[in-house]
Amino acid sequence: MTVRTRFAPSPTGYLHVGGARTALFCYLYARKHGGQFVLRIEDTDLERSTAESVNAILEGMTWLGLDYDEGPFYQTHRFDRYNQVIEELLDKGLAYRCDCPKERLEKLRVDQMARKQKPRYDGCCRHKQVDPNQPHVIRFKNPADGVVIVDDLIRGRMPFANEELDDLIIRRSDGTPTYNLSVVVDDADMEITHVIRGDDHINNTPRQINILRALGFEPPRYAHVPMILGDDGARLSKRHGAVSVISYRDMGYLPEALLNYLVRLGWSHGDQEIFSIEQMIEAFDISDVNKAASSFNTSKLDWLNQQYLQQAEPSRVARLLSPHMGRIDIDPSTGPDLADVVKAQAARAKTLVELAEISAFCYRDFEDFDEGSAKKHLRLVAREPLEKLRAAFELMAFEDWTPEQLKHVVEGVSEELQLNLGKVAQPLRVAIVGRAASPGIEETLMLVGKEATLRRIDKALGYIAARGGEA
RNA sequence: GCUCUCUUCGUCUAGUGGUUAGGACGCUGGCCUCUCACGCCGGUAACAGGGGUUCGAAUCCCCUAGAGAGCGCCA
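FYI, the numbering for the first sequence is 134 to 604, going by our numbering.
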């Protein structure tokens with residue numbers, strides 16, 4: 134039997150990190166076992182499902198590279214099949230029509246709560262003959278006694294008493310099927326062997342197993358993965374900032390970094406932290422996933438992203454960085470090759486957004502010197518070295534503007550003036566970058582270029598002059 | 001309220017009766033060094049609490065507490 138997993142989001146919002154991790158686990162499990170991964174859109178809730186959400190989910194999956202072998206299948210396209218199954222259940226006496234008014238149900242619930250009981254439908258219509266032409270819902274006739282064993286791949290055996298379960302609605306009064314019915318039919322029809330989903334579905338599982346059995350299907354294996362919580366340990370929500378996968382793309386994270394972060398949330402393989410997709414597929418096993426919920430920790434994601442930024446092919450990073458440069462009004466074609474900037478800067482940024490920010494100086498003059506840096510390095514004592522550097526640079530031919538020559542010039546000035554390299558390189562750095570942090574001085578000079586270097590040194594000299602005798 | 005689930009450093013985790021309770025992020029001390037960053041070396045910090053079982057419990061059992069989920073004509 135070949136393994137078949139499915140990711141089945143409901144299109145009522147974007148793809149969030151919890152869903153993405155579930156999808157990743159489904160993907161990895163299928164790939165590991167040479168099986169198939171199918172995508173199914175659970176849009177039976179006509180009220181809340183939107184095309185925008187479908188697109189957002191698809192976009193998120195594509196960005197992460199979680200490609201599916203089949204689908205996306207839409208449940209709204211399968212209503213005939215669900216109704217066929219419902220009719221079958223009705224015919225076999227395994228389901229029945231119910232016309233209990235909402236008021237009655239509400240009162241029942243309130244009374245049960247008052248009696249400290251679990252609210253559940255009392256089976257009132259089980260033996261009533263409800264007119265099929267009048268408004269009604271259809272309920273599944275859940276077994277009254279016995280236990281359902283959910284043998285979960287992550288949590289082990291979980292027995293549920295049928296007494297705790299009630300006769301759930303499988304078709305609404307408007308004729309549409311409900312979730313518990315459609316999942317079951319789809320999982321059976323699509324021959325899903327392993328249902329990997331959030332643990333908020335644990336309590337649904339025994340009901341679904343009962344429906345499956347009533348229909349004569351063998352239940353799939355289940356694996357309920359724990360939730361992802363926010364940094365503060367509370368359920369992940371908008372107030373934790375980003376939850377949408379796409380927002381991580383926009384904040385400048387690499388998809389492989391997010392995937393790596395997500396796979397390690399609730400799962401591990403010895404002491405290994407960095408996993409390529411291939412390594413994940415090789416090492417992953419759903420039964421190794423943790424039972425407890427875990428908190429999302431942005432600083433670890435940052436670290437991973439930085440690791441990937443350094444490892445990744447500079448030309449690819451450059452391509453991904455380009456739109457972020459655009460967002461801060463920089464056209465990378467107007468300056469040094471963006472891939473060269475990436476090579477010089479990648480280890481200095483946690484995200485592409487940050488990489489763009491710290492690289493802006495390569496493409497345009499900065500507005501003001503960073504106050505602290507200027508105060509410390511653009512002092513009167515820096516005037517002479519800057520003037521000598523400027524003079525030397527000015528004499529350099531375009532083809533001499535190389536790292537070797539530039540290093541030679543800077544070192545030459547420091548030797549000539551009997552100053553530590555830092556006393557020369559730092560003022561120069563602040564002069565041409567605007568602040569005291571940048572790649573090695575010759576690399577920085579290469580990226581800035583001769584013309585801008587001279588212009589910015591002049592600006593720094595002007596700053597020093599304006600400062601006068603101070604310091 | 002009822003049912004179900006979960007509980008090792010701040011966070012992610014290793015650990016399945018005998019370990020100085022390991023690793024990673026973060027924080028922190030140092031090295032490297034023209035700055036920042038990277039990198040390297042070191043430090044900080046945990047078995048929720050209480051009872052058992054056992055020669056011996058993070059590991060097995062029970063209770064308590066805390067956290068989460070479900071109890072919809074949502075999925």
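All residues carry an ideal CB built from backbone N, CA and C; glycine is no exception.
9 Å Cβ cutoff met for residue i and residue j
| i | j | result |
| --- | --- | --- |
| I361 | S420 | no |
| F417 | K165 | yes |
| W400 | F170 | no |
| G387 | Y441 | With the sequence shown as reference, residue 387 is identified as Leu, and Gly is not the correct amino acid for it. Contact flag set, yes. |
| L398 | V450 | no |
| I190 | L148 | yes |
| E490 | P536 | no |
| I271 | I325 | no |
| L298 | R340 | yes |
| V316 | A163 | no |
| Q478 | P572 | yes |
| V119 | A530 | Outside the shown range of the chain, which is 134 to 604, sits residue 119, and nothing can be said about it. |
| V563 | C495 | no |
| R259 | Y229 | yes |
| T145 | R181 | yes |
| L133 | A321 | Absent from the structure is residue 133, since the part of the chain shown begins at 134 and ends at 604. |
| W196 | R460 | no |
| R600 | L513 | yes |
| F499 | Y596 | no |
Exposure of residue i, with buried meaning 16 or more beta-carbon neighbours within 10 Å
| i | result |
| --- | --- |
| A604 | Caution applies to A604, whose pLDDT of 49 falls short of 50 and renders its modelled position unreliable; the value that the coordinates give is listed next. It is exposed - the Cβ of A604 has fewer than 16 other Cβ atoms within 10 Å. |
| I344 | buried |
| N423 | exposed |
| N313 | buried |
| A598 | exposed |
| R248 | exposed |
| S432 | exposed |
| I103 | Since the displayed the chain opens at 134 and closes at 604, residue 103 lies outside it and no answer follows. |
| N393 | buried |
| S448 | exposed |
| D462 | exposed |
| V150 | buried |
CA nearest to the CA of residue i, picked from the options
| i | options | result |
| --- | --- | --- |
| E351 | V318, I302, C231, K225 | V318 |
| S506 | A390, D364, E548, I565 | I565 |
| P268 | D232, T177, D285 | D232 |
| L179 | V378, G193, T209, G168 | T209 |
| I329 | D320, V358, D322 | V358 |
| R452 | W436, K508, N275, V475 | V475 |
| V280 | I574, L550, I342, R600 | I342 |
| R497 | D533, L519, T467 | T467 |
| Q250 | H541, A184, E296, S182 | E296 |
| V263 | D278, K240, E239, L223 | L223 |
| E446 | L471, H457, R600 | L471 |
| L238 | E221, F502, D300, N430 | D300 |
| L172 | L199, P265, T311 | L199 |
| I302 | M323, E517, E532, K274 | K274 |
| A410 | L161, V150, T138, G152 | Here residue 410 turns out to be Ile, not Ala, going by the sequence shown. Among L161, V150, T138, G152, the Cα nearest to that of I410 is on L161. |
| Y201 | G167, K225, F212 | G167 |
So, do the stretch 287-296 and the stretch 234-247 have three or more beta carbon pairs nearer to each other than 8 Å?
-> no
Take every Cβ of the stretch 580-590, pair it with every Cβ of the stretch 516-533, and state whether three or more of those distances are shorter than 8 Å.
-> yes
Mind pulling the alpha helix (DSSP H) runs of 4 or more residues that sit fully within the stretch 171-228?
-> 184-197, 212-224
Check whether the stretch 300-314 touches the stretch 433-448, taking contact to mean three or more Cβ pairs, one atom from each stretch, closer than 8 Å.
-> no
Can you give, in chain order, each stretch of the alpha helix (DSSP H) that sits fully within the stretch 401-444 and has at least 4 residues?
-> 410-416, 431-444
Taking only runs that begin and end inside the stretch 310-383, name each unbroken beta strand (DSSP E) of 3 or more residues, in chain order.
-> 327-331, 354-358
Which runs of the alpha helix (DSSP H) fall wholly inside the stretch 269-316 and span at least 4 residues, in chain order?
-> none
Runs of beta strand (DSSP E) lying entirely within the stretch 510-556, each at least 3 residues, in chain order | none
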